[in-house]
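Residue numbers (this note's numbering): 16 to 247.
The beta-carbon is built from N, C-alpha and C at its ideal position, and this holds for glycine as well.
For reference, the structure is listed below as structure tokens.
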Amino acid sequence: MIQIEKVSKVYRSRGREVTAVDGVDLTVREGEVFGVLGRSGAGKSTLLRCVNLLERPDSGRIAVDGRDLLSLDGRELRRARQGIGMIHQHFGLLSGRTVAGNVAFPLEVMGVPRSERAARVAELLELVGLDEHAAAYPAQLSGGQKQRVGIARALAGRPKVLLSDEATSALDPETTASILELLRDLNRRLGLTVLLITHEMEVVKRICDSAAIMRAGRVVESGPLRELLLRP
Ligand code: ADP
Ligand code: ADP
Numbered sequence: 016m017i018q019i020e021k022v023s024k025v026y027r028s029r030g031r032e033v034t035a036v037d038g039v040d041l042t043v044r045e046g047e048v049f050g051v052l053g054r055s056g057a058g059k060s061t062l063l064r065c066v067n068l069l070e071r072p073d074s075g076r077i078a079v080d081g082r083d084l085l086s087l088d089g090r091e092l093r094r095a096r097q098g099i100g101m102i103h104q105h106f107g108l109l110s111g112r113t114v115a116g117n118v119a120f121p122l123e124v125m126g127v128p129r130s131e132r133a134a135r136v137a138e139l140l141e142l143v144g145l146d147e148h149a150a151a152y153p154a155q156l157s158g159g160q161k162q163r164v165g166i167a168r169a170l171a172g173r174p175k176v177l178l179s180d181e182a183t184s185a186l187d188p189e190t191t192a193s194i195l196e197l198l199r200d201l202n203r204r205l206g207l208t209v210l211l212i213t214h215e216m217e218v219v220k221r222i223c224d225s226a227a228i229m230r231a232g233r234v235v236e237s238g239p240l241r242e243l244l245l246r247p
């Protein structure tokens with residue numbers, strides 16, 4: 016579902032060069048939960064941003080659902096972006112809009128007619144267990160509820176792929192467990208492929224089918240979780 020081949024990204028600032036991602040190869044299969052584990056600065060979020068087209072790699076190839084992302088532009092690029100949802104550590108909700116308004120936002124951007132939006136919003140809120148909080152504002156929600164809004168919003172365009180950038184790092188262990196359970200549930204029910212980055216081994220152990228370990232921009236280990244855990 017996601018193929019990353021020899022991807023590199025170098026940042027240049029004030030005459031200094033940082034190779035954030037250094038020749039990474041990864042394959043995420045359809046329907047799996049794949050974790051990229053590594054310390055801060057390992058290059059995880061740069062890699063994720065390349066998959067989400069927020070960042071352009073200097074070299075390499077990235078394909079999502081058979082589409083070669085780096086060759087797309089204009090309308091095709093927008094459509095490819097729609098097929099990829101993303102959730103973030105700090106949720107990124109619009110504080111002036113209700114829960115329903117936040118989930119409706121991407122639908123408005125996609126041009127979904129008003130008449131269809133309400134039903135789709137209700138469906139998305141039910142999917143994440145927030146149907147009773149549609150009229151609440153983000154400030155009235157717990158961290159876990161905020162992340163549920165983030166997940167509902169990310170799924171608005173019916174993406175096949177969900178990217179998670181440290182989605183549970185700001186949450187306590189119990190809430191983390193419930194969000195990971197929700198992601199696992201969505202993965203099973205919708206056949207959603209999940210690519211997540213984290214600095215916590217616990218997260219990988221809890222829900223990943225496969226994982227890669229990144230260090231200094233490179234993948235140093237990767238494979239099915241069972242095999243990774245057995246390695247010394
Ligand atoms: P991680 O997500 O694993 O913490 P990052 O991808 O954020 O790692 O960072 C990898 C390396 O790239 C780090 O050395 C970081 O300082 C550097 N880096 C990340 N973003 C930028 C940027 N916009 N400009 C310059 N350097 C960056
Ligand atoms: P905001 O005022 O934050 O912009 P809106 O009231 O415009 O939010 O609602 C955004 C979308 O969510 C609309 O499509 C609306 O039909 C839908 N919506 C609003 N309230 C609810 C609710 N209680 N349950 C389900 N959908 C709702």
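- Around the beta carbon of Asp-187, fewer than 16 other beta carbons lie within 10 angstroms, which makes this residue exposed.
- Under the DSSP definition of a beta bridge, Phe-49 partners with Leu-210 and Ser-225.
- In this structure, Lys-220 has its beta carbon at no less than 7 Å from each heavy atom of ligand 1.
- Ala-227 is a Cβ neighbour of Val-51, given a cutoff of 8 Å.
- For Arg-233, the enclosing beta strand (DSSP E) begins and ends at 233–239.
- Each residue's CA atom was taken as its position, placing Val-118 and Asn-67 some 19 Å apart.
- Distance from the C-beta of Gly-56 to the nearest heavy atom of ligand 1 is below 7 Å.
- Beyond the five residues adjoining it in sequence on each side, Leu-156 comes within less than 8 Å, by CB distance, of Val-114, His-148 and Val-164 in the same chain, given in chain order.
- Around the beta carbon of Gly-89, fewer than 16 other beta carbons sit within 10 angstroms, so the residue counts as exposed.
- Taking a cut-off of 8 Å for Cβ pairs, the region 134–147 and the region 177–191 do not touch, as fewer than three such pairs fall below it.
- Note that the C-beta distance between Val-39 and Ile-19 is below 8 Å.
- Between Gly-53 and the set Arg-241, Leu-85, Met-229 and Val-234, the nearest pair of CA atoms involves Met-229.
- When DSSP states are grouped into helix, strand and coil, Arg-31 belongs to the strand group.
- Between Leu-244 and Glu-236, the beta carbon gap of about 11 Å keeps them out of contact (Cβ cut-off 8 Å).
- Ile-102 and Leu-177 do touch by the CB rule: their CB atoms are close to 7 Å apart, below 8 Å.
- As computed with DSSP, Ser-23 is found in a beta bridge with Ser-74.
- In this structure, DSSP gives Gln-104 a state outside helix and strand, which the three-state scheme calls coil.
- Taken in chain order, the complete beta strand (DSSP E) segments of 3 or more residues contained in the region 129–183 are 176–180.
- Annotated as proximal: Gln-97 and Pro-174, with beta-carbon spacing under 8 Å.
- In the three-state reduction of the DSSP assignment, Leu-85 falls in the helix class.
- DSSP links Thr-61 through a beta bridge to no other residue.
- Judged by their CB atoms, Ser-193 and Gly-158 are not nearer to each other than the 8 Å cut-off.
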